[in-house]
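What follows is a short report on a single structure.
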Amino acid sequence: MNINWLCVFITSVILATVFSVEAKQVDYPRDTSYTIHSAYHKYMKNYPQIEVADPVLDDQINIQKNITYKFTGTRDLRLDVFSPKDMGKASPAVVMVHGGGWISGDRTLIHPMAKALAEIGFVAATVEYRLSPEAEYPAAVYDIKTAVKWLKDHAVDLQVDTHKVAIMGTSAGGQLAALVGATAEDPDFEDPADSSQASTKVQAIVDIDGVLAFIHPDSQEGAVAGKWLGGDQNEARKKWIEASPITHVGADTPPMLFVGSSYPRFLAGREKVTAILDEHGIENRTHLFENAPHSFWLFHPWFEPTIDHTVAFLNEVLTD
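Just so we're on the same page, our numbering is the position in the sequence shown counted from 1, plus 231.
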């Protein structure tokens, strides 16, 4: 009888431990303020013509969701992969980074764009990364670089051409995409816990209304950026400079596309970045939508032109 009781007790302890781990896995601080729904209601008064964009039906492409690409030590990070329905050969790929001020948002925000790219012929991976309520900079950079490595490590299964990989982001995700692309293979920006030997080098960057310089006369980044960077401009100035893509743009930077809303704060540093790229003969383009809200890519009438500009650019620079 005592043995039976002991077995029951041990089993209970094991189950309690398992469920405790599972609870820990999902128990992390989140800010859910930035969604497509919240953005729509924010903009509809001044832009009554807008419509939420999601033009591609799920059955028109292949979708793999909730794929674990990294364990942070407390929980899994996941990504979703969208790919063409009929893939005869390895396709170019786009690692996609959502926005939300480094504090909110999730990868579903860019699912409509990922589906549109997949229908056209790209493999698109939308990435979950740690936001500031959970972890400060540079955790997000580490996460996204690990996602780039994961994509390359699984290139055969996903039918990805590892010589044609782009990174693309919106708003805060645009800043992260530009930073990840401009610091490829820089050990200071690689997760020391990542054992993959794959390169984090990408062949193109698409920055959609993401800041390039945190410290700039036009930049209005304040408390939200400070929360991510561990302090305001005075307290964490080194990080504010280090996390600015403009700090790292140079001769080895891949071709860059900027798509923007014309708001000066989101264009901070762009002219200097394009000048540096021009100096080194690196392809770059800029398309600005006049009188568009910041999160324009979520809505018609800007969704399709954003995709068109992106595809035209990637088709040009991701060549054999």
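We treat Cβ as the ideally placed atom computed from N, Cα and C, and that holds for glycine.
With a threshold of 16 other CB atoms inside 10 Å of the CB of residue i, please say whether the residue is buried or exposed.
i, result
"D311", "buried"
"H447", "buried"
"V252", "Because V252 sits at a pLDDT of 39, beneath the cut-off of 50, its placement in the model cannot be relied upon, and the following sentence gives the value as read from the coordinates. V252 comes out exposed."
"R261", "exposed"
"T242", "Any reading at T242 needs caution, since the residue's pLDDT is 38, under 50, leaving its predicted position unreliable; the model's value is listed next. Exposed, because fewer than 16 other Cβ atoms sit within 10 Å of the Cβ of T242."
"K395", "buried"
"A454", "exposed"
"V283", "exposed"
"P486", "buried"
"K469", "exposed"
"P495", "exposed"
"A456", "buried"
"L382", "buried"
"G512", "exposed"
"K380", "buried"
"L362", "buried"
Less than 6 angstroms between C-beta atoms, sequence neighbours within five positions excluded: which residues of the same chain meet that for residue i?
i, result
"T377", "K301, D422 and D425"
"I341", "M327, H329 and T357"
"A221", "Because the chain in this structure spans residues 232 to 551, residue 221 falls outside the shown range and cannot be described."
"L488", "V437, R516 and F544"
"Y265", "G331, S335 and G336"
Taking the continuous alpha helix (DSSP H) assigned at residue i, which residues delimit it?
i, result
"Y300", "Taken as a continuous stretch (DSSP letters only), Y300 belongs to no alpha helix (DSSP H), being part of the beta strand (DSSP E) at N293 to F302."
"M275", "Neither: M275 is in no alpha helix (DSSP H) and is coded neither H nor E."
"G491", "Segment M487 to G491 is the beta strand (DSSP E) holding G491; no alpha helix (DSSP H) there."
"T377", "A370 to D384"
"A523", "It is not in any alpha helix (DSSP H) - A523 carries neither H nor E in the DSSP assignment."
"Y479", "Looking at the sequence shown, residue 479 is not Tyr but His. Careful: H479 lies outside any alpha helix (DSSP H) and carries neither H nor E."
Using a Cβ-Cβ cutoff of less than 8 angstroms, which residues in the same chain neighbour residue i once the five nearest sequence positions on both sides are dropped?
i, result
"G491", "I439, D440, F497, L498, R501, T517, H518, L519 and F520"
"D285", "H342, P343 and K346"
"N297", "R309 and D311"
"Y360", "L308, V328, A370, A371, D374, I375, A378 and L407"
"A254", "Summary for A254: the model assigns pLDDT 37, below 50, so the residue's position carries little reliability, and this model does not support an answer."
Grab the span of the beta strand (DSSP E) containing residue i for me, first residue to last.
i, result
"K395", "V391 to T401"
"P323", "S322 to V328"
"D311", "D307 to S314"
"R516", "N515 to L519"
"T357", "V354 to V358"
"A435", "A435 to I439"
Please check the pair residue i and residue j, which I expect to be a contact at CB under 8 angstroms, by giving their CB distance rounded to whole angstroms.
i, j, result
"S402", "S526", "7 angstroms"
"L529", "A270", "6 angstroms"
"A397", "I436", "7 angstroms"
"V548", "E514", "6 angstroms"
What residues in its chain sit with their C-beta under 7 angstroms from that of residue i, if we drop five residues either side in the sequence?
i, result
"K569", "Missing from the structure shown is residue 569; the chain here goes from 232 to 551 and no further."
"F353", "S322, P323, A324 and V325"
"I507", "V480 and G481"
"M318", "Q390"
"H531", "I281, E282 and A284"
Mind checking if residue i is an interface residue toward chain C, Cβ cutoff 8 angstroms exclusive?
i, result
"I507", "No chain C is part of this structure, which consists of one protein chain only."
How about the region 408-417 and the region 453-466: do they share at least three Cβ pairs that are nearer than 8 angstroms? The region 408-417, when compared against the region 453-466, does not touch it at the 8 angstroms Cβ threshold.
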